[in-house]
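Read the structure below first, then the notes.
See the structure below:
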């Protein structure tokens with residue numbers, strides 16, 4: 049258990065945290081929420097020890113290990129992906145190296161009865177124990193499993209870290225954290241750089257993670273499926289809810305109504321006190337009473353209610369002339385980057401009114417194909433035919449590069465705004481997290497995320513009938529995403545959205561284009577229907593692979609192809625499996641007996657000294673254990689085949 053007690057932190061006279069206290073239990077899965085700038089990321093840094101606090105205390109159990117994934121990361125590591133990832137096993141690797149040195153020393157020494165030799169054997173036992181604790185014997189297997197889960201292909205493992213984009217470097221850092229298995233995992237927007245398949249894998253991994261997790265995320269589905277507790281950072285304090293995000297929003301609404309009622313009651317009480325003070329202040333006989341009322345008023349804790357940002361909730365895209373029935377036709381499009389073919393003879397037709405989601409692993413060509421469709425990228429061969437009267441709006445992070453760096457945020461949107469919306473530009477910018485004096489910032493000083501939000505806001509103000517949006521929600525908070533989703537739902541034109549955010553896509557699109565190694569596959573229905581279908585297909589594929597493995601193991605493929613033999617072949621196969629199980633059980637019994645005999649001898653000092661004189665003894669002892677593990681694995685596989 050980690051105890052956060054009365055922590056205080058101020059920036060520039062503003063209280064970021066004002067005596068915040070809460071407990072983190074061993075297996076807590078906590079979502080950290082709050083407005084942009086409320087201090088969510090800062091709180092993660094405080095818990096990691098990267099941000100000093102002005103007061104209070106954080107008490108960790110001795111030996112607590114904390115893993116932290118920031119929002120942005122850039123490394124100049126000279127290592128390859130696999131080498132960098134294996135740094136997660138630094139301690140286990142040290143123990144493996146120490147074991148190798150001890151084994152070598154034991155093989156070369158002959159003073160088997162000396163005290164130092166006995167100490168060496170004792171140390172070997174301690175090192176073996178530590179290797180098992182830190183999973184040192186499965187480093188390669190674990191590393192490969194996590195890297196693949198996060199979207200890396202085996203061909204990527206030897207790539208140098210410095211050649212990767214920031215997003216892929218973040219994945220390596222995330223892999224290291226997951227493999228280190230810290231007691232507390234702190235994640236700041238972990239899904240921002242992941243594709244939908246990697247998000248699903250990470251979600252499953254974190255749900256089963258044995259330690260505590262605190263995460264900041266604007267992915268509602270991700271939070272709902274992992275967390276069971278939500279901490280909201282609000283006005284320098286926190287509200288703690290024993291519920292995942294969606295349930296928290298309901299509880300928060302109820303609590304807010306209670307606070308508003310309490311505030312109204314308090315305001316009535318304050319007004320009454322102030323009237324009494326004015327009434328009795330001038331009377332000498334009541335002066336003391338008036339002073340007591342003033343003191344009471346001074347001591348009163350004023351109830352504050354954070355304002356809800358409800359501006360621009362009814363935001364709509366400006367009307368544009370409708371396009372023809374066919375918006376875009378792509379035939380046999382080929383796009384290569386050097387020797388690598390990213391898009392290979394792909395053909396699609398996009399019709400007026402389509403709402404399409406582009407999904408698939410990163411690197412499969414979603415962004416490339418989007419840029420080709422809007423004319424932002426040349427292709428090598430094929431035909432691209434825009435339909436009649438198509439006006440295109442394209443959003444991507446790099447779209448902000450076309451804006452004049454000398455312009456202010458307000459000037460950028462003011463140049464494209466027409467009609468009544470001009471009177472609400474500040475409200476509109478507020479929806480995209482530009483508040484107060486932020487609207488006077490120059491474009492050239494904006495962060496990448498701020499530029500992306502500004503480009504999205506600018507796009508909304510321009511009348512277009514065909515929108516292509518590449519990861520539009522990456523830097524938006526929950527409310528901004530809801531506003532954007534509502535606007536797209538009301539949009540009467542055609543939309544393509546590249547996104548990994550399931551909650552955002554749900555109910556927004558009616559077609560899903562899946563980008564795979566085999567090409568683009570079209571699925572009817574929204575993202576949840578696609579994922580449900582995909583899950584069934586994956587289960588069928590897994591079952592098919594298992595079936596093929598069984599056939600291969602039993603070598604019965606040939607016999608099964610003969611007509612009329614099904615019943616006899618099944619009986620023959622069952623007998624064979626049972627025979628293999630019996631053989632395994634016999635070998636397991638023999639190995640267990642041999643190991644038990646050696647264990648008994650090792651417990652007697654005289655016999656131990658005698659055995660330790662044999663330089664091959666410990667190597668043979670380990671060999672027997674590995675053989676036993678292998679036989680147990682075979683026994684389990686044969687039993688699974690028998691029960692199938």
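In this note's numbering, the protein residues as written are 49 to 692.
Cβ coordinates follow ideal geometry from the N, Cα and C atoms, glycine included.
On a predicted model such as this, the values are computed, not experimentally measured, just so you know.
Nearest to residue 112 by alpha-carbon distance, out of 232, 55, 422, is 232.
In the structure shown, residue 571 adopts extended strand secondary structure according to DSSP, grouped into three states. Taking the CA atoms as reference points, residue 297 sits about 28 Å from residue 573. Per the DSSP secondary-structure output, residue 57 pairs in a beta bridge with 65.
The three-state secondary structure of residue 288, taken from DSSP, is strand. A residue is called buried when at least 16 other Cβ atoms come within 10 angstroms of its Cβ; residue 132 meets this threshold and is buried. Three or more beta-carbon pairs separated by less than 8 Å link the segment 508-517 to the segment 461-469, which places the two stretches in contact.
By the Cβ criterion, the segment 468-486 is not in contact with the segment 405-417, since fewer than three pairs of Cβ atoms, one from each stretch, lie closer than 8 Å.
For residue 224 and residue 117, the gap between their C-alpha atoms comes out near 10 Å. As the crow flies, the alpha-carbon of residue 136 is around 13 Å from that of residue 127. In the DSSP annotation of this structure, residue 190 is not part of any beta strand (DSSP E); the continuous alpha helix (DSSP H) holding it starts and ends at 187-197. At a cut-off of 4 residues, the continuous stretches assigned as alpha helix (DSSP H) that sit fully inside the segment 378-422 are 414-421. Beta-bridge partners assigned by DSSP to residue 451: none are found. Under the DSSP assignment, residue 107 falls in the beta strand (DSSP E) whose first and last residues are 103-107. Residue 272 and residue 170 have their alpha carbons spaced roughly 49 Å apart. Taking 9 Å as the cut-off, the Cβ atoms of residue 97 and residue 114 count as close. Its chain contains 672 as the residues whose beta carbon lies nearer than 8 Å to that of residue 642, once the 5 sequence neighbours on both sides are disregarded; these appear in chain order. The C-alpha of residue 428 is placed about 5 Å away from the C-alpha of residue 383. Between the beta-carbon of residue 442 and that of residue 422 there is about 4 Å, and that keeps the pair under the 8 Å contact cut. Under the DSSP definition of a beta bridge, residue 562 partners with 407, 569. Shown here for residue 69: same chain residues with a beta carbon closer than 7 Å to its own, the five before and five after excluded, namely 52, 53, 54 in chain order. Rounded to the nearest angstrom, the gap between the Cα atoms of residue 373 and residue 401 is 9 Å.
The C-beta distance from residue 263 to residue 80 rounds to 7 Å, short enough to meet the 8 Å contact threshold. As a beta-bridge residue in DSSP terms, residue 51 pairs with 71, 107. Taking 9 Å as the cut-off, the beta carbon of residue 248 is found no closer than this to the beta carbon of residue 553. Cβ neighbours of residue 101 within its own chain (closer than 8 Å, five residues either side excluded): 55, 56, 57, 65, 94. When DSSP states are grouped into helix, strand and coil, residue 474 belongs to the helix group.
Secondary structure at residue 86: coil, using DSSP grouped into helix, strand and coil. Of the residues 438, 395, 575, 547, the one whose Cα lies closest to the Cα of residue 370 is 438. In the structure shown, residue 631 falls within a helical segment according to DSSP collapsed to helix, strand and coil. By the Cβ test, the segment 80-91 is not in contact with the segment 195-209, since fewer than three Cβ pairs between them sit closer than 8 Å. Residue 214 sits in a helix when the DSSP states are folded into three classes. The criterion of a C-beta distance shorter than 9 Å is satisfied by residue 377 and residue 432. DSSP places residue 128 outside any beta strand (DSSP E), giving it a letter other than H or E. The alpha carbon of residue 577 has as its nearest neighbour, out of 349, 161, 560, the alpha carbon of 560. When the beta-carbon positions are compared, residue 293 and residue 279 stay at least 9 Å from each other.
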